[in-house]
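Student: Per the numbering used here: the sequence shown = residues 4 to 352. Every residue, glycine too, gets a C-beta built ideally from N, C-alpha and C. Just so it is clear, the structure is predicted and the values come from calculations on it, not from any experiment. The structure is given below, and queries will be raised subsequently.
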Amino acid sequence: MIFDINPDISQAETLSSEFYTDEKFFRESKEKIFARSWQLVGTTDEIDNIKPFTILENFLDEPILITKSGKKLNCLSNVCTHRGKLLIDESCKANGIRCGYHGRRFDLTGKFLSMPEFENVKNFPSEKDNLPKLAFDTFGKLLFVSVNPSAKFEEFFAPVYECLSWVNWKDLKFSAEKSREYFVNAHWALYCENYLEGFHIPFVHQSLNAVVDYDSYATETFRFAILQTGFAKSGDNAFAFDQKIAALYFFVFPNLMLNFYPWGLSVNIVKPLETDLTRISYLTFVSDETKLNKGAGADLSRVEFEDQAVVEAVQKGINSRFYDKGRYSPTREQGTHHFHRLIAEFMNI
Ligand code: FES
Ligand SMILES: [Fe+2]
4 MIFDINPDIS QAETLSSEFY TDEKFFRESK EKIFARSWQL VGTTDEIDNI
54 KPFTILENFL DEPILITKSG KKLNCLSNVC THRGKLLIDE SCKANGIRCG
104 YHGRRFDLTG KFLSMPEFEN VKNFPSEKDN LPKLAFDTFG KLLFVSVNPS
154 AKFEEFFAPV YECLSWVNWK DLKFSAEKSR EYFVNAHWAL YCENYLEGFH
204 IPFVHQSLNA VVDYDSYATE TFRFAILQTG FAKSGDNAFA FDQKIAALYF
254 FVFPNLMLNF YPWGLSVNIV KPLETDLTRI SYLTFVSDET KLNKGAGADL
304 SRVEFEDQAV VEAVQKGINS RFYDKGRYSP TREQGTHHFH RLIAEFMNI
């Protein structure tokens with residue numbers, strides 16, 4: 004076993020710093036962690052007829068197509084089964100797909116239709132000439148794809164469905180203007196594990212600490228997800244359905260954050276680029292504009308910069324010859340502990 008995290012948090016030590024610093028583990032995490040998980044590629048609102056996506060650009064770099072045939076969505080490889088040319092460069096409308104290299108044709112479900120000059124080819128066409136299909140699923144309007152799922156979508160998302168059954172997706176409008184991208188000079192997992200504990204709130208986020216009640220901050224762990232609940236100091240900044248809750252922070256392994264605030268939803272996707280460089284996409288969906296600048300969901304860019312500064316300082320620290328592992332607070336770091344256990348589980352296969 005390369006990584007070993009004791010299930011008993013009171014005895015456990017954190018993940019060894021090699022995981023974050025060694026290029027080899029970064030490369031291995033592509034297939035072992037990311038290819039085996041569910042990645043958010045876009046929203047169902049964007050799919051008109053044929054749309055290409057790249058799963059985690061500059062990391063997994065898997066080219067896919069989402070097509071709509073009738074009402075049904077399909078998720079296909081965007082690579083021609085003849086000599087491997089990319090099929091579709093941009094969103095388009097068509098009844099089928101034709102490769103621009105030698106004219107191979109497919110229908111919108113990926114089935115091979117025809118190919119010029121192949122009359123005398125033996126055992127042709129075969130199953131291998133169809134476009135490979137990828138596993139995909141939706142949560143509300145969010146569209147997820149997996150290259151090689153380690154478990155069904157439901158297993159990853161069941162607690163999110165159960166806890167968020169009250170969410171009205173029709174009311175959540177995507178705002179391009181309020182969406183952002185940030186670059187952090189740190190390993191992707193350092194960014195996630197900082198997010199997974201509220202322990203640092205009083206030390207790092209003064210403005211957030213003023214509206215969220217630190218003592219009642221709660222963490223719940225599930226098979227592949229972690230839920231943190233921030234309780235409001237005042238009812239003004241809480242959800243209508245529960246006057247005590249200021250924010251629900253859902254994390255789905257390995258890199259998705261679904262942050263629900265009384266104004267709507269902020270989806271953060273953590274995208275690895277290099278061992279010490281990560282892109283964070285913030286997608287903003289607003290349901291109630293009037294609550295935008297209040298409570299735990301106000302001033303998110305300030306909170307983001309505070310987190311970035313602290314995570315970048317950890318990145319520098321873990322490169323030290325004198326640091327390898329630490330210990331966990333059993334009352335405040337259950338989320339980080341669970342995340343490290345999942346990393347170890349996926350990396351040890
Ligand atoms: S690569 Fe597509 S038809 Fe040749
Ligand atoms: Fe933070």
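#1: Since phenylalanine 22 contacts isoleucine 346 with CB under 8 angstroms, what's their CB separation in whole angstroms?
#2: Pick out whichever of Arg101, Ser129, Val313 and Ser237 has its Cα sitting closest to the Cα of cysteine 195.
#3: For valine 44 versus isoleucine 53, is the C-beta spacing smaller than 8 angstroms?
#4: Count Cβ pairs between the stretch 76-90 and the stretch 307-322 that sit closer than 8 angstroms; are there 3 or more?
#5: Run the proximity test for lysine 144: is its beta-carbon closer than 7 angstroms to any non-hydrogen atom belonging to ligand 1?
#6: Going by beta-carbon coordinates alone, are proline 333 and isoleucine 12 separated by less than 8 angstroms?
#7: Give the range of the alpha helix (DSSP H) segment to which proline 66 is assigned.
#8: Taking 7 angstroms as the cut-off, is the CB of tyrosine 23 close to at least one heavy atom of ligand 1?
#9: CA-CA distance, serine 219 and phenylalanine 325?
#10: Could you tell me whether any non-hydrogen atom of ligand 2 is closer than 7 angstroms to the CB of asparagine 271?
#11: Could you tell me if glutamine 14 is buried or exposed, where buried requires 16 or more neighbouring beta carbons within 10 angstroms of its beta carbon?
#12: Starting from the C-beta of aspartate 140, find all residues in its chain whose C-beta is less than 6 angstroms away, skip the five residues before and the five after it, and write them out in chain order.
#13: Excluding five sequence neighbours on each side, which residues of the same chain lie with their C-beta closer than 7 angstroms to the C-beta of leucine 134?
#14: Determine whether the beta carbon atoms of threonine 339 and leucine 199 lie at a separation below 8 angstroms.
#15: Using DSSP with H/G/I as helix, E/B as strand and the rest coil, what is threonine 339?
#16: Please state whether the Cβ-Cβ distance between serine 32 and serine 149 is less than 8 angstroms.
#17: Using C-beta distances below 8 angstroms, list every residue in its chain close to valine 124, excluding the 5 sequence neighbours before and after it, in chain order.
#18: Which term fits alanine 316, buried or exposed, when burial requires 16 or more other beta carbons within 10 angstroms of its beta carbon?
#19: If you check the beta carbons only, do isoleucine 272 and lysine 35 fall under 8 angstroms apart?
#20: In chain order, what residues have a CB nearer than 7 angstroms to some heavy atom of ligand 2?
#21: Taking any heavy atom of ligand 1 as the mark, which residues have a C-beta closer than 5 angstroms to it, listed down the chain?
Tutor: Looking at the coordinates:
#1: Taking the first residue of the sequence shown as position 1, residue 22 is located at position 19. Taking the first residue of the sequence shown as position 1, residue 346 is located at position 343. Contact flag correct, Cβ pair sits at about 7 angstroms.
#2: Within the sequence shown, numbered from 1, the residue matching residue 195 stands at position 192. Ranking the options by Cα distance to cysteine 195, first place goes to Val313.
#3: Reading the sequence shown from its first residue, position 41 is the one you call residue 44. Reading the sequence shown from its first residue, position 50 is the one you call residue 53. Not in contact: valine 44 and isoleucine 53 (Cβ atoms no closer than 8 angstroms).
#4: no
#5: The count along the sequence shown starts at 1 and reaches residue 144 at position 141. Lysine 144 Cβ: outside cutoff for every heavy atom of ligand 1.
#6: One-based indexing of the sequence shown puts residue 333 at position 330. One-based indexing of the sequence shown puts residue 12 at position 9. Cβ atoms of proline 333 and isoleucine 12: closer than 8 angstroms.
#7: Here residue 66 is taken as the residue at index 63 of the sequence shown, counted from 1. Proline 66 -> not in any alpha helix (DSSP H); beta strand (DSSP E) instead, spanning 65-72.
#8: The count along the sequence shown starts at 1 and reaches residue 23 at position 20. No - ligand 1 has no heavy atom lying nearer than 7 angstroms to the Cβ of tyrosine 23.
#9: Mapped onto the sequence shown, residue 219 falls at position 216. Mapped onto the sequence shown, residue 325 falls at position 322. Spanning the two alpha carbons is a distance of roughly 35 angstroms.
#10: By one-based count along the sequence shown, residue 271 stands at place 268. Because no heavy atom of ligand 2 lies under 7 angstroms away, the Cβ of asparagine 271 does not count as near it: no.
#11: Taking the sequence shown and counting its residues from 1, one reaches residue 14 at position 11. Burial call: exposed.
#12: The sequence position of residue 140 within the sequence shown is 137, counting from 1. Taken in chain order, the residues that qualify are Phe147 and Phe156.
#13: Taking the sequence shown and counting its residues from 1, the one referred to as residue 134 is at position 131. So the qualifying residues of the chain are Leu79, Ser80, Thr84, Phe109 and Gly113.
#14: On the sequence shown, residue 339 is found 336 positions in, with the first residue counted as 1. On the sequence shown, residue 199 is found 196 positions in, with the first residue counted as 1. The answer is yes: Cβ separation under 8 angstroms.
#15: As a first step, residue 339 must be located in the sequence shown, where it is residue number 336. Of the three classes helix, strand and coil, the one that applies to threonine 339 here is helix, per DSSP.
#16: Here residue 32 is taken as the residue at index 29 of the sequence shown, counted from 1. Here residue 149 is taken as the residue at index 146 of the sequence shown, counted from 1. No.
#17: By one-based count along the sequence shown, residue 124 stands at place 121. Excluding positions up to five away in sequence, the list is empty.
#18: Locating residue 316 in the sequence shown gives position 313, where the first residue counts as 1. Label assigned to alanine 316: exposed.
#19: On the sequence shown, residue 272 is found 269 positions in, with the first residue counted as 1. On the sequence shown, residue 35 is found 32 positions in, with the first residue counted as 1. Not in contact: isoleucine 272 and lysine 35 (Cβ atoms no closer than 8 angstroms).
#20: Asn197, Tyr198, His203, Ile204, Val207, His208, Val306, Glu309 and Asp310
#21: Per the Cβ criterion, the list is Cys83, His85, Arg86, Lys88, Cys102, Tyr104, His105 and Arg107.
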